[in-house]
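Trainee:
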Amino acid sequence: MSTKKTRVMFPFMGLILLTLISAQRSLLSDDLRDLLHESLSGERAKDHVIQITRHNRIQGSRGYRNAAQYVLQQLRRSGFSDRNALVESYPSDGKIHYQTWQSPSGWDLDYAELRMLEPYEERIVGYPEIGMSLITYSNPGDVTAELVWVGAGTSDENYMGKNIKDKFVLATGYGGSVHRIAVLKYGAKAVVCYLDDERAREYPDMLQYTGMWPKPDEIDNVTFGFNLTNRQGDKLKKLLENGEKVILKGVSKGTGLEPFFMDVVVATIPGSHGSGEELVFSAHLDHPKESANDNASGSAALLDIAQTIHKLVGDGLLPRPKRTFRFLWVPEWHGTMAYIDKNPEMVGPARGGKTLANMNMDMVGEHLELLHSKLILTRVPDSLPSVVNDVVAHMAEMVDGMDIRTSRGSLSAFNYRVTPYSGGSDHMMFIDLDIPGVMFSHSPDYTHHTSEDTPDKVDPVELERCEIIATAAMFYLSNLGPEEAVQLAALSAAKGARRIGDGFRRGQSLISDADNKSVGRAWAEAVNVLDHAERIEKGVLQSIFTFNDNEIVKSIVTGLEGGHTQQAESYRTVLAALARKKGATTKTPSAVITNIDSQVPVRTTRGPLAFGLPGSKLPKAEAAWYSGKDFTLTGAERFELVNFVDGKMTVTEIRNALSAEFRPIRQREVKRYLEDLIKVGVLKWK
C-alpha cells in the first residue's frame, strides 16, 4: 500500500524537488551573462538607429534599398564574408503574389509640396524634409483645385450631397482608404488627410503615416495625397466651416509607382555541429523616415547582435554556437513572405524542418520614461506549444536583476510583461510554419506610425536589455546539453503547473458564472479549458526534445508529464463537483456538446493568410458578414484558427482548441469562416 502511494505521489514530489533546484539556478552561466553585458552595446545600436532613420524606407522603394545597403556594409565591415552576408531581392510590382500576399508596388518620388493659394497663400507641407507628409505610394502629379470637407472620408455616406469631382478632399480617415473612395470612385483629384484622435489633439503637430497600398487594378489610376498635422487640418476645416473658398495646389515629382524589388538582408553565423539546424533573428527594416523605434530600433539591435557574436566567436572569447544563427532584415510581412516562399525548407521540426526558433525584434528601444511604455514579450500561441516561451521569460527575469546603464541612456527601471500571443509583426510568419517565434515590442507608444517616432525617443539602455534577452535565449537554446535540458524541464514544469492552475480557475469561473440552465454547457467548456491546458503543457515539455532528446531528458520529462496528469485529474474532480452542486449531470462533456462536426479542413497555401481574407475575395453580399455583429473573431483568433488547421483536427476540435485558448466561441461561426476560406481557395475539405 505504501509503495503504491509513493509511486502515485512521485511525479508531484519530483516536480517539487526539481522546482526547488531550478529556482536556485539561472539557466545562463554568470560568465556568459557578464560577457554579453560587456560586449553588446545599446550605444552602438543607437548609432545604427540614427543612420537607418536617414532613409525613407518604404517597402519596394529605392530608399529601402539604400537602408538595406547600409546594413550590408556594416556587416561586411565587421568581418562577414560575401557568402555569410548578402541581399536577396524579390520582384515587387503591386501585382506579383507570394502565396496569398500581394507584393507592394515599387515606389520612388523626389519631391512634393502642398500650398494654399486662397483665401491667402501659404506653404503647408513639403517632402522629403517631412517624410510622412506624403501619402506613400503616391504618383507624380500637379493639381490646383478647390478643397471639400468629407469627414472621415472612408465610407459612401461621407460623400452624400457633395460634389468632389476634380477637387481636393479633406478627411480624417486613413489616406489610402480615403483615396480609394474619393479619387478612384468619385473622381476627386487628390486627398489631404489629417490625424484627429485623442493623441493628435494632445500632440497637434504630429503627422500620421498612411499609404495608398493600391490593388493591382488600381495602380494606373492612383494620384497622390498628403498627411497633415491636427493643427494644420483643423485650420483648413475651420476655413471651410466659415464659408471661405479654399484653393490648394499640390505637386509631386518623380517616378511614382514602378516595378522594383523587395530586398532582404541575410547574414549567417554557421553552427559548429553542421546539423543544418538554425535559430533565426528577424527585424523589419521598412517604414518612413524617421520611424526610429518602429523599426530602426529592432533593425539596429539585430545588427549589433550579429556584429557582436561574430566578433566574440572570431576572437575566441565565445565558442561558436552549435546551431547556425540566421539574421533577417526584411520588408515587414510582404518581404518575409517572399523569402519564405523562396525557401520552402524553412519550417519547424513538426514539419520535418530544421528551423527551431525565432526572436522577432520589433520596436525594442523605447525610452520608458519619455513614452511611459513597457517591454512586451509576446508568447508563442497554443497551436505551437513551446519551451521557448519559458526560456525568453527567464532571460527577461535575469536582465531585470542586472544593472544596465550607459553614458547616454536613461535611468529607467526595467518594466516588462510576458503576454499571451498577439500578432502585428513577422513572428506570425514563423509561427505559421511551426517555428516558435517570440515578438519583442513595446506598448503603449503614442508615437507609433507618426512623425514623433524620432531617435531622441530611443534609449540605449532599453536596446541593450532587449539585445541581452534575445541573444542569451538563442545561445542557451543553441547549446542545450542534457544537464541544461533537465534544468529547463524543471523550470518549465513548474511554470506549466501554474498555467494548468490558471486553466482550472478559468473553468471554475465559467461554472460559477452560469445559471442552472446553462451550467451543463459551462461545465463542458470548463473541462475543455482544463484538458487543453494539460495537453499544451505536456507539449511544452516535449518541445525540449527539439533541442536535446537525451534518454535521461526523456525520462525526466515523462515523470513531469505524470505530474501534470495528476494535477489536471484532481482539478477535473473539483470542477465536476462544482457543476453537480448547481444541478448539472456530469457524465461526459461530449454529451453536452451535441453538434459534433467531424469534417477536417486542409490548407492549400503556405504562410499566414493575407489580411482581409476571406472577405476581400468574396462577393459583396457574402463579405458583408465580416463587418456585421455576427462575426466576432479577433485577428489573433483568426490567425490561431488557421494554425489549428493541420489536416488532422476536425471542425469541432478546432472550435474547442480556439475556445480553450481565448473564450467560448460558437461552432457555427468557426464553420462559416472555414467554409469561406474554402470558397476563396486557401483551404479544402480533407
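In my numbering, the protein residues as written are 626 to 1311. C-beta: ideal position from N, C-alpha, C; glycine also. Note that the coordinates shown come from a computational prediction; the quantities given were computed from them, not determined experimentally.
Under 9 Å, do residue 1086 and residue 667 count as touching if we go by C-beta distance?
Mentor: yes
Trainee: Rounded to a whole number of angstroms, what is the C-alpha to C-alpha distance between residue 1245 and residue 816?
Mentor: 26 Å
Trainee: Taking residue 1288 as the reference, give the member of 1310, 1134 and 1213 with the closest Cα.
Mentor: Of the candidates 1310, 1134 and 1213, 1134 places its Cα closest to the Cα of residue 1288.
Trainee: DSSP beta-bridge partners for residue 881?
Mentor: 733
Trainee: Would residue 1171 be called buried (16 or more neighbouring beta carbons within 10 Å of its own) or exposed?
Mentor: buried
Trainee: What is the DSSP secondary structure of residue 664, counted as helix, strand or coil?
Mentor: In this structure, residue 664 counts as helix in the three-state DSSP scheme.
Trainee: In chain order, what residues of the same chain have a beta carbon less than 6 Å from the beta carbon of residue 799, not counting five sequence neighbours either side?
Mentor: So the qualifying residues of the chain are 835.
Trainee: Classify residue 745 as buried or exposed, calling it buried when 16 or more other Cβ atoms lie within 10 Å of its own Cβ.
Mentor: exposed
Trainee: Taking the C-alpha atoms as reference points, what is the distance between residue 979 and residue 949?
Mentor: 10 Å
Trainee: Count the other CB atoms within 10 Å of the CB of residue 1236; is the residue buried (16 or more) or exposed (fewer)?
Mentor: exposed
Trainee: If you draw a straight line from the alpha carbon of residue 1299 to that of residue 825, how long is it in whole angstroms?
Mentor: 39 Å
Trainee: Taking all protein chains shown into account, do 16 or more other C-beta atoms lie within 10 angstroms of the C-beta of residue 722, making it buried, or fewer, making it exposed?
Mentor: Looking at its Cβ environment, which holds fewer than 16 other Cβ atoms inside 10 Å, residue 722 is exposed.
Trainee: Quick one: is residue 840 buried, meaning 16 or more other Cβ sit within 10 Å of its Cβ, or exposed?
Mentor: exposed
Trainee: Let me know the secondary structure DSSP gives residue 1251 once reduced to three states.
Mentor: helix
Trainee: Mapping DSSP to helix, strand and coil, what is residue 1078?
Mentor: coil
Trainee: Can you tell me whether residue 932 is helix, strand or coil according to DSSP?
Mentor: helix
Trainee: Please classify residue 975 as buried or exposed, where buried requires at least 16 neighbouring CB atoms within 10 angstroms.
Mentor: Here residue 975 is exposed: its Cβ has fewer than 16 other Cβ atoms, across all protein chains shown, within 10 Å.
Trainee: Going by DSSP in three states, residue 1289 sits in which element: helix, strand or coil?
Mentor: coil
Trainee: How about residue 882 and residue 984: are their beta carbons less than 9 Å apart?
Mentor: no
Trainee: Would residue 685 pass as a contact of residue 728 if the rule is Cβ separation under 9 Å?
Mentor: yes
Trainee: Could you tell me which uninterrupted beta strand (DSSP E) segments, each at least 3 residues in length, are contained entirely in the segment 1093-1120, listed from first to last along the chain?
Mentor: none
Trainee: On a Cα-Cα basis, can you pick out the residue from 785, 901, 894 and 1290 that is closest to residue 706?
Mentor: For the residues 785, 901, 894 and 1290, the minimum Cα distance to residue 706 belongs to 894.
Trainee: Just mark residue 939 as buried or exposed, buried being the case when its beta carbon has 16 or more other beta carbons within 10 Å.
Mentor: Result: exposed.
Trainee: Helix, strand or coil, according to DSSP, for residue 820 in the structure here?
Mentor: coil
Trainee: Give the straight-line distance between the Cα atoms of residue 699 and residue 1027, rounded to the nearest whole angstrom.
Mentor: When rounded, the distance between both Cα atoms is 29 Å.
Trainee: Can you tell me whether DSSP reads residue 958 as helix, strand or coil?
Mentor: coil
Trainee: Are residue 736 and residue 879 closer than 9 Å when you measure CB to CB?
Mentor: yes
Trainee: Let me know the alpha helix (DSSP H) ranges lying completely inside the segment 994-1030, each 4 residues or longer, listed in chain order.
Mentor: Every alpha helix (DSSP H) of 4 residues or more that sits fully in the segment 994-1030 is shown, in chain order, as 1013-1025.
Trainee: Is DSSP giving residue 963 helix, strand or coil here?
Mentor: helix
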